[in-house]
Amino acid sequence: MDDEGPVIVRYIKDSILDAEEYRYMEFKEVKGDHSIRSILSVVDQYVVAYLNERKKQFPGTIIWGITDKERKVVGTKLIHKERDELRRSIVERLDQIQPPIPPSSYKIDIKEVYDSSLKHIEDTYIVEVIVDTVTGNDLFATAKNEVYIKTDGGKKKLNHIQIQQEILLRNQHKRFNLK
Numbered sequence: 001m002d003d004e005g006p007v008i009v010r011y012i013k014d015s016i017l018d019a020e021e022y023r024y025m026e027f028k029e030v031k032g033d034h035s036i037r038s039i040l041s042v043v044d045q046y047v048v049a050y051l052n053e054r055k056k057q058f059p060g061t062i063i064w065g066i067t068d069k070e071r072k073v074v075g076t077k078l079i080h081k082e083r084d085e086l087r088r089s090i091v092e093r094l095d096q097i098q099p100p101i102p103p104s105s106y107k108i109d110i111k112e113v114y115d116s117s118l119k120h121i122e123d124t125y126i127v128e129v130i131v132d133t134v135t136g137n138d139l140f141a142t143a144k145n146e147v148y149i150k151t152d153g154g155k156k157k158l159n160h161i162q163i164q165q166e167i168l169l170r171n172q173h174k175r176f177n178l179k
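To convert, note that position 117 of the sequence shown is 117 in UniProt numbering; the numbers rise steadily by one, no gaps.
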């Protein structure tokens with residue numbers, strides 16, 4: 001454990017993040033008035049994609065409320081009731097992943113967004129879902145039996161032939177103890 005204590009991250013509206021998207025970090029902008037529906041429409045796909053990552057070097061992080069191209073903090077509007085509903089709905093959605101994953105394998109953070117004078121902007125938040133690395137060769141699927149894999153450019157839905165190839169590759173690596 002670090003002696004320096006926890007790192008505190010504050011999201012400042014309209015600021016540009018230093019971090020860039022890469023294989024283990026994905027930025028999503030919530031467009032429209034239906035934040036919960038927008039997030040729920042893809043959260044399980046990204047979590048499955050991170051769970052299916054073979055290299056598993058780092059936890060995967062999906063951050064809603066950041067523009068994709070500019071990396072600008074825009075946040076998403078969520079009143080108290082919606083934040084509670086969002087947490088509950090994400091857990092319900094992730095509980096449907098097959099094979100089942102323990103709730104300890106992911107974390108849902110809803111963080112405040114501040115203006116340039118560090119005053120919290122009411123009902124404006126960043127939603128982070130952090131997916132821990134898992135061991136084993138399981139191939140995970142959404143409730144709709146869709147299998148996704150993480151790529152450097154996002155996520156990719158696998159067709160039946162690609163699923164077979166992925167299983168063969170995982171078994172080959174397991175047999176030869178390759179990482």
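Ideal Cβ placement from N, Cα and C applies to all residues, glycine included.
Cutoff 7 Å; reference residue i; Cβ partners in own chain excluding five residues on either side
i, result
"Ile167", "Leu139"
"Lys156", "Tyr148 and Ile149"
"Asp14", "Lys72 and Val73"
"Lys77", "Ser35, Asp123 and Thr124"
DSSP three-state assignment for residue i, whether helix, strand or coil
i, result
"Tyr24", "coil"
Other residues of its chain near residue i: CB distance less than 6 Å, five sequence neighbours each side excluded
i, result
"Phe58", "Tyr24"
"Arg170", "Asn137"
"Ile90", "Val43 and Ile108"
Distance CB(residue i)-CB(residue j) smaller than 8 Å
i, j, result
"Ile36", "Glu85", "yes"
"Tyr46", "Glu26", "yes"
"Ile126", "Lys111", "yes"
"residue 263", "Ile39", "Only positions 1 to 179 of the chain appear in the structure, and residue 263 is not among them; the question remains open."
"Gly75", "Ile121", "yes"
Contact belief for residue i with residue j at Cβ below 8 Å, rounded distance in angstroms
i, j, result
"Trp64", "Lys28", "5 Å"
"Asp152", "Tyr22", "7 Å"
"Thr67", "Ile130", "So it is not a contact: roughly 20 Å between Cβ atoms."
Cβ-based neighbour list, residue i, same chain, cut-off 8 Å, excluding 5 preceding and 5 following
i, result
"Val134", "Leu51, Lys56, Ile101 and Ser105"
Every unbroken beta strand (DSSP E) inside the UniProt domain "Schlafen AlbA-2" (21-159) [3 residues or more]: 25-28, 60-64, 106-114, 120-131, 148-151 and 154-157
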